[in-house]
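Engineer: So the sequences go chain by chain: A and B. The numbering used here numbers the first residue of the first sequence as 20 and each following residue consecutively. The numbering used here numbers the first residue of the second sequence as 20 and each following residue consecutively. Note that beta-carbon positions come from the ideal geometry of N, C-alpha and C, so glycine has one too. Remember, predicted model here, so these are calculated numbers, not experimental data.
Number of protein chains: 2
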Amino acid sequence: MSEDRRLDVLRAIVEDYVATREPVGSRALVERHSLGVSPATIRNDMAALEDAGLIVQPHTSAGRVPTDKGYRLFVDRLATVKPLSAPERRAIETFLEDAADLDDVVDRSVRLLAQLTHQVAVVQYPSLRRTALRHVELVPVGDRHLLVVIITDHGRVEQRTIEVPDPLDVATVARLRVRLNTAAAGRRLAELGTALSDLADDFAPVDGPLVRGVVAVVEDTLAQESEERVVLAGTANLVRGGGDFAHTISPVLEALEEQVVLLRLLGEMAEDEAAVSVRIGRETQHEGLVETSFVTTGYGGPDGGGTAVARIGSVGPLRMDYPGTIASVRAVARYLSRILAG
Amino acid sequence: MSEDRRLDVLRAIVEDYVATREPVGSRALVERHSLGVSPATIRNDMAALEDAGLIVQPHTSAGRVPTDKGYRLFVDRLATVKPLSAPERRAIETFLEDAADLDDVVDRSVRLLAQLTHQVAVVQYPSLRRTALRHVELVPVGDRHLLVVIITDHGRVEQRTIEVPDPLDVATVARLRVRLNTAAAGRRLAELGTALSDLADDFAPVDGPLVRGVVAVVEDTLAQESEERVVLAGTANLVRGGGDFAHTISPVLEALEEQVVLLRLLGEMAEDEAAVSVRIGRETQHEGLVETSFVTTGYGGPDGGGTAVARIGSVGPLRMDYPGTIASVRAVARYLSRILAG
DNA sequence: ATTGGCACTCGGTCAGAACGAGTGCCAGGA
DNA sequence: TCCTGGCACTCGTTCTGACCGAGTGCCAAT
């Protein structure tokens, strides 16, 4: 019983099941693939695959269906690359090309990916912790409030209002603005060190609370993971795809609506930022997502480099077209990176 | 045959149908409501209501179900106010109270409303066209690019990058920044008139393109309706609610994902900004939403006044609890307005 | 190691029967 | 004029039992 053929059988089962959505039996398998052996032989192989926990039969007399483990093996060792068609590539390019600002780029990317994969697409906004500060702006609002606007390298803007104990002095604010920007502009949080906290020494003691307040807000914003945002598209594909999970969409939608869940997942998948990584079923470690798989990759890093700025990905049913999804995710991430770099 | 009782019957039908999700027959009706007449009499009334197009029977021998028109009459003339419970009010208040910035307020509001109504909640970001400008900031980026940051009254921030023909002169940019802010700060788009376009006259001809470019971006941003954003929550409730439309969720999700559709609808419903307005079924004028109703109201205006800044609302199945939804939407809008004003 | 044959399991489908909820209509009564 | 009880009728729902077919596991033969 050749090991190679057994894997061929597994591949065939995955492919057929993905294509037909129905448990695949031994007869159908030999008919659709040129395996060169009889159904009976396939049955023996299938029994072995089932013992190995790679496939199961839903009912006693039904065909076989891949398990999480089966899909995992398929993705890791059996999937063959499936390059996008030329028209698809061109579509991606032109669609992303004429985006206006960062919001627009993200919006277009996520819609595009949803359409390419016919699944739910997920795009994480460029992470603040990994982007450099471009500019900090201080805008007095009334006597006791100060609006702090933080602009990052990728054009993302965050704002906070802080309350100050003493009435604001315009000159002090202006000086603080200059000092802040010379100290921080162009640097990442990690590179800032004590540069910001030392600023307070340059001001009169009476201004200490003000300076420390502003510095705290800036550092806080850059550090705060909870401020990271995720955008979705294509949730309608969850149901339109046909009775995939039909009666269990609800938990999936709930999970997807929880930014926290998505951010954790994306964070966990970031081990190798340049490569595409896949989480299958229970590997997501989330109850609502046991019947879904995630395919994600980093984007925004220098070409081929290892320092991605955020992640983009696709969520679909366990039995999704892994090679196709991987190709689409990778392609969109690549163009997205190019746009952001340009 | 008293007209009053016929309306009582309609109200009873709507209430029972909403509660049970099943067509309601004459017998069940007299049992559950003290109408003081026999089923046969009710049947006559029902026949009349059906002739009037207010109810229909799904099958020849089934109970009656309200039509769009029936719900409309119910909402307009039969619904009785259903005040929120004290705990509910307190929950709203405390939940919204400790929100940090605008994003947080909007996010909390939409989740809260989704949870209160067990439906999909929709919150429109404060409309740029109706808010006043607080501050405009210009940040040179390299030699030829200028980042324009626009901060509005409600703390919303928009940014655009523009390309300029000639290398930037820092002094000119600084001067432009000051002039822009004195001319525009605190005003709405409608109040600006030609104040901005006249600015170009104050600068050297060589700076004309720069000034006009910046002015154009500012005006464009304030005017651009497409920049208005809508946030959703509770899409999982669409399916969880039970087989409401079960096999037709897809078009609903698709419609909800299209910001354009939502913005059009919210816009159309803004006739009377202070009141709660309701769109039932086909009244939404959108194919994917024929089986859904919208309940929305404005928020952000002065208490009781007529100048709302944006809308908040709830989307649910045709047979939803209109009184309850209306109460929830109104309550959240009120607290939301208070937070924004404070 | 592969193959053909065979008995067995079991989900899906179909037809028919029984059921019951609900209606419309009509004739009689307040 | 309006209400009521009665009655025949419709029709969707549910249940049953039979049948079909896909698919399996095992075994003896090659």
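Using only CA atoms, which one of A:Ile358, A:Pro42, A:His164 lies nearest to threonine 79 of chain A?
Structural biologist: The option with the nearest alpha carbon to threonine 79 of chain A is A:Pro42.
Engineer: Would you call the CB atoms of alanine 151 of chain A and aspartate 172 of chain A closer than 7 Å?
Structural biologist: yes
Engineer: State yes or no: is the C-beta of proline 145 of chain A within less than 7 Å of the C-beta of glycine 319 of chain A?
Structural biologist: yes
Engineer: Does arginine 259 of chain B come within less than 7 Å of chain A when only Cβ atoms are used?
Structural biologist: For arginine 259 of chain B, the nearest beta carbon of chain A is closer than 7 Å to its own beta carbon.
Engineer: Examine chain B for any beta-carbon lying closer than 7 Å to the beta-carbon of isoleucine 331 of chain A, and answer yes or no.
Structural biologist: No, no contact with chain B.
Engineer: Return the residue from the list A:Glu156, A:Phe313, A:Leu355, A:Ile358 that minimises the CA-CA distance to proline 342 of chain A.
Structural biologist: A:Phe313
Engineer: In the DSSP assignment, find the unbroken beta strand (DSSP E) run with leucine 251 of chain A in it and report its ends.
Structural biologist: Element bounds for leucine 251 of chain A: 249-252.
Engineer: Within 7 Å (strictly less), CB to CB, does leucine 157 of chain A reach chain B?
Structural biologist: no
Engineer: Measuring CB to CB, does serine 333 of chain B end up less than 7 Å from threonine 344 of chain B?
Structural biologist: yes
Engineer: Three or more beta-carbon pairs under 8 Å between the region 269-278 of chain A and the region 250-259 of chain B, yes or no?
Structural biologist: yes
Engineer: Could you check whether the Cβ of glutamate 244 of chain A sits closer than 7 Å to any Cβ belonging to chain B?
Structural biologist: Legend: pLDDT at glutamate 244 of chain A = 49, less than 50; position of this residue unreliable, no value from coordinates given.
Engineer: Tell me the start and end of each unbroken beta strand (DSSP E) in the region 162-201 of chain B that is at least 3 residues and wholly inside, in chain order.
Structural biologist: 164-171, 176-182
Engineer: Just reading off the beta strand (DSSP E) that leucine 284 of chain B is part of, what are its end residues?
Structural biologist: Premise fails: leucine 284 of chain B lies in the alpha helix (DSSP H), 278-287, not in any beta strand (DSSP E).
Engineer: I need the straight-line Cα distance from alanine 223 of chain A to leucine 229 of chain A, nearest angstrom please.
Structural biologist: 10 Å
Engineer: Give the range of the alpha helix (DSSP H) segment to which phenylalanine 114 of chain A is assigned.
Structural biologist: 105-116
Engineer: Classify threonine 316 of chain A as helix, strand or coil using the three-state DSSP reduction.
Structural biologist: strand
Engineer: Looking at the secondary structure, which residues open and close the alpha helix (DSSP H) in which valine 49 of chain B lies?
Structural biologist: From DSSP, the alpha helix (DSSP H) with valine 49 of chain B extends over 45-51.
Engineer: Would you call the region 128-136 of chain B and the region 299-312 of chain B touching, i.e. three or more CB-CB distances under 8 Å?
Structural biologist: With contact defined as three or more Cβ pairs closer than 8 Å, the region 128-136 of chain B and the region 299-312 of chain B are not in contact.
Engineer: Which residues in the same chain have their Cβ closer than 7 Å to the Cβ of valine 125 of chain A, if we skip the five residues on either side of it in sequence?
Structural biologist: Val142, Tyr144, Val250
Engineer: Less than 7 Å between CB atoms is the rule here; does isoleucine 216 of chain A satisfy it with respect to chain B?
Structural biologist: In the sequence as presented, isoleucine is not what sits at residue 216 of chain A; that position holds serine. So no, serine 216 of chain A is outside the interface.
Engineer: So, with DSSP's three-state summary, where would you put leucine 73 of chain B?
Structural biologist: coil
Engineer: Once the 5 residues before and after valine 280 of chain A are set aside, which same chain residues still bring their CB inside 7 Å of it?
Structural biologist: Ala274, His305
Engineer: I'd like to check one pair, histidine 154 of chain A with valine 158 of chain B: are the Cβ atoms closer than 7 Å?
Structural biologist: yes
Engineer: Among B:Arg338, B:Glu238, B:Glu290, which residue has its Cα nearest to the Cα of threonine 315 of chain B?
Structural biologist: Out of B:Arg338, B:Glu238, B:Glu290, B:Glu290 has the C-alpha closest to the C-alpha of threonine 315 of chain B.
Engineer: Let me confirm a value: threonine 39 of chain A is counted as buried when at least 16 other C-beta atoms fall within 10 Å, else exposed. Which label applies?
Structural biologist: exposed
Engineer: Would DSSP call histidine 54 of chain A helix, strand or coil?
Structural biologist: A small fix is needed here, since residue 54 of chain A is leucine in this sequence, not histidine. Collapsing the DSSP output to three states places leucine 54 of chain A in coil.
Engineer: Please report the distance separating the alpha-carbon of glycine 232 of chain A from that of arginine 206 of chain B.
Structural biologist: 29 Å
Engineer: When we look at the beta-carbon of aspartate 263 of chain B and count the other beta-carbons within 10 Å, is it buried (16 or more) or exposed?
Structural biologist: buried
Engineer: Where leucine 115 of chain A and arginine 127 of chain A are concerned, what is the direct C-alpha to C-alpha distance, given to the nearest angstrom?
Structural biologist: 6 Å
Engineer: What does the alpha-carbon distance come out to for the pair arginine 91 of chain A and valine 33 of chain A?
Structural biologist: 11 Å
Engineer: Between the alpha carbons of proline 184 of chain B and aspartate 226 of chain B, how many angstroms are there, rounded?
Structural biologist: 10 Å
Engineer: Tell me, please, which residues DSSP counts as bridged to glycine 335 of chain B.
Structural biologist: B:Ser312
Engineer: Is the shortest distance between the beta-carbon of serine 128 of chain B and the beta-carbons of chain A less than 7 Å?
Structural biologist: no
Engineer: When Cβ atoms are compared, which residues of the region 175-190 of chain B fall closer than 9 Å to chain A?
Structural biologist: Arg175, Val176, Glu177, Gln178, Arg179, Thr180
Engineer: State the beta-bridge partners of serine 296 of chain A as determined by DSSP.
Structural biologist: Beta-bridge pairing links serine 296 of chain A to A:Thr315.
Engineer: If we ignore side chains and look at the alpha-carbon of each, how far apart do valine 258 of chain A and leucine 337 of chain A end up?
Structural biologist: 14 Å
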